[in-house]
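Presented below is the structure to which this report refers.
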Amino acid sequence: MIVVLRPDISAERKQELIAALEGRGLRVDVSEGTRQTVLGLVGDSSELDEAALASLPGVESVRRVSEPFLLCSRREHPESAVVQVGPVRFGGGHFALIAGPCAVESEEQILAVARAVKAAGADMLRGGAFKPRTSPYDFSGLGEEGLRLLGLARAETGLPVVSEIMSVGQLPLFEDVDLLQVGARSMQNFELLRELGRIDKPILLKRAFSATLRELLMSAEHIMAGGNERVILCERGIRTFSDYTRNTLDLSAVPELHELTQLPVIVDPSHATGRSSLVGPMALAAAACGADGVMIEVHGDPPRALSDAAQALDCAQFAALADRLRAVRKAARA
Ligand code: PEP
Ligand code: MN
Numbered sequence: 007m008i009v010v011l012r013p014d015i016s017a018e019r020k021q022e023l024i025a026a027l028e029g030r031g032l033r034v035d036v037s038e039g040t041r042q043t044v045l046g047l048v049g050d051s052s053e054l055d056e057a058a059l060a061s062l063p064g065v066e067s068v069r070r071v072s073e074p075f076l077l078c079s080r081r082e083h084p085e086s087a088v089v090q091v092g093p094v095r096f097g098g099g100h101f102a103l104i105a106g107p108c109a110v111e112s113e114e115q116i117l118a119v120a121r122a123v124k125a126a127g128a129d130m131l132r133g134g135a136f137k138p139r140t141s142p143y144d145f146s147g148l149g150e151e152g153l154r155l156l157g158l159a160r161a162e163t164g165l166p167v168v169s170e171i172m173s174v175g176q177l178p179l180f181e182d183v184d185l186l187q188v189g190a191r192s193m194q195n196f197e198l199l200r201e202l203g204r205i206d207k208p209i210l211l212k213r214a215f216s217a218t219l220r221e222l223l224m225s226a227e228h229i230m231a232g233g234n235e236r237v238i239l240c241e242r243g244i245r246t247f248s249d250y251t252r253n254t255l256d257l258s259a260v261p262e263l264h265e266l267t268q269l270p271v272i273v274d275p276s277h278a279t280g281r282s283s284l285v286g287p288m289a290l291a292a293a294a295c296g297a298d299g300v301m302i303e304v305h306g307d308p309p310r311a312l313s314d315a316a317q318a319l320d321c322a323q324f325a326a327l328a329d330r331l332r333a334v335r336k337a338a339r340a
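If you're matching positions, the sequence shown starts at 7 in my numbering and goes up one per residue.
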């Protein structure tokens with residue numbers, strides 16, 4: 007961290023500041039210019055509050071030169087992490103294909119989709135049981151029963167399952183869920199993140215609509231600080247001024263996150279675009295730019311889906327996309 011002092015700071019105040027920073031266990035390299043003094047802080051400054059430091063008398067500005075996240079920083083952990091969910095691996099060259107309906111709606115629905123996506127080559131099954139909905143009058147999932155039905159599909163197909171958890175109190179219900187999803191709306195539910203840091207299950211952390219990459223990584227850091235290092239990040243589109251898509255898929259987040267962190271990064275083109283015709287092209291683009299997996303919403307009868315009908319692929323469309331994804335992966339590796 008670099009601290010620029012005001013030109014009119016007194017010698018006494020300067021010494022006080024340096025002593026206070028050294029008292030925090032930091033080495034302070036003092037660089038005296040003709041007009042101003044700059045302090046270079048060497049050591050772990052992750053717990054220093056930039057804004058508080060910048061507001062101290064005699065301080066003009068503060069700039070971080072290293073990131074405030076350590077556990078998920080590639081600088082600290084140069085090797086790509088491989089996160090394993092049952093037999094499925096994400097990261098370090100492993101690509102995973104997740105597919106399934108937005109919400110679990112019935113036993114017939116989830117079993118039929120599970121069989122179809124498995125036959126098409128999916129590695130994991132998705133299905134929401136607790137659905138965060140903008141309107142309180144919309145279908146909000148089958149809850150515990152939805153998780154039971156997802157468990158049936160898991161038992162029959164052998165596919166590991168992912169489902170969204172919305173609160174700490176729901177944790178006991180998620181015992182048979184292989185990958186716990188933190189949805190975009192919960193990315194900064196720090197109490198939930200803290201609890202998920204204490205459990206022995208991998209976490210799929212989705213980026214909030216308006217979150218910066220640093221904020222996403224700080225949320226991952228919250229989970230990892232509790233001891234759970236099995237975190238997969240998911241880019242699912244952010245809010246911009248786009249008028250034809252539900253969100254804007256920030257595809258450059260994939261290579262950028264790969265530079266910043268060792269954690270695997272997957273892409274959800276379904277929620278990013280909100281339109282089934284755009285899901286395939288953006289899934290292929292995600293695979294081409296190095297994503298460690300994609301998550302696609304698939305429904306046996308999209309027009310009848312109880313949630314997110316406009317963005318669901320039918321089973322045949324998904325099978326065709328899965329083939330093309332394999333081809334793009336092969337080409338990207340060549
Ligand atoms: C979902 O994947 O079911 C979902 C609700 O996505 P998001 O949290 O990204 O909106
Ligand atoms: Mn959905």
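Just so it is clear, CB atoms sit at the ideal spot from N, CA and C, and this is done for glycine as well.
Source: prediction; values computed, not measured.
Rounded C-beta distance between Ala-159 and Gly-147? I'm assuming under 8 Å.
-> Within the sequence shown, the letter at position 153 stands for residue 159. Within the sequence shown, the letter at position 141 stands for residue 147. The Cβ separation is near 15 Å, so there is no contact.
Among residues of its own chain, excluding the 5 on either side of Leu-312, which ones have a beta-carbon nearer than 7 Å to its beta-carbon?
-> Within the sequence shown, numbered from 1, the residue matching residue 312 stands at position 306. If we look at Leu-312 and ignore the five residues flanking it on each side, its Cβ neighbours are Ala-109, Glu-111 and Phe-145.
Please state whether DSSP places Leu-77 in a helix, a strand or coil.
-> Residue 77 sits at position 71 when you count from the first residue of the sequence shown. Residue state, collapsed to three classes: coil.
Under 7 Å from any heavy atom of the ligand PEP, does the C-beta of Lys-212 make it?
-> Walking along the sequence shown from the start, residue 212 turns up at place 206. Yes; taking the cut-off as 7 Å, the Cβ of Lys-212 has a heavy atom of the ligand PEP nearer than that.
Measuring CB to CB, does Ile-209 end up less than 8 Å from Val-174?
-> Taking the sequence shown and counting its residues from 1, the one referred to as residue 209 is at position 203. Taking the sequence shown and counting its residues from 1, the one referred to as residue 174 is at position 168. Going by C-beta atoms, Ile-209 is not nearer than 8 Å to Val-174.
Three-pair Cβ contact test at 8 Å for the stretch 76 to 93 versus the stretch 53 to 67 | no
Three CB pairs or more closer than 8 Å across the stretch 190 to 203 and the stretch 38 to 54 = no
Does the beta carbon of Glu-303 fall short of 7 Å from some heavy atom of the ligand MN?
-> The residue you call residue 303 lines up with position 297 of the sequence shown. Checking the Cβ of Glu-303 against the ligand MN gives yes.
Unbroken beta strand (DSSP E) run spanning Gly-46, endpoints | Here residue 46 refers to the residue found at position 40 when the sequence shown is read from its first residue. Element bounds for Gly-46: 43 to 48.
Does the beta-carbon distance from Met-130 to Val-167 come in below 8 Å?
-> One-based indexing of the sequence shown puts residue 130 at position 124. One-based indexing of the sequence shown puts residue 167 at position 161. The answer is yes: Cβ separation under 8 Å.
CB Asn-253 to CB His-228, shorter than 8 Å?
-> Walking along the sequence shown from the start, residue 253 turns up at place 247. Walking along the sequence shown from the start, residue 228 turns up at place 222. Contact flag unset, no.
Exposed or buried, Ser-2, counting other C-beta atoms within 10 Å across all chains shown (16 or more means buried)?
-> There is no way to answer for residue 2, as the model of the chain reaches only from 7 to 340.
Quick one: complete alpha helix (DSSP H) runs, 4+ long, within the stretch 134 to 195?
-> 150 to 163
Which residues in the same chain as Glu-73 place their Cβ atom closer than 8 Å to its Cβ, once the five residues preceding and following it in sequence are excluded?
-> Position 67 of the sequence shown, counting from 1, holds the residue named residue 73. Correct list, in chain order: Ser-79, Arg-81, Arg-220, Leu-223 and Leu-266.
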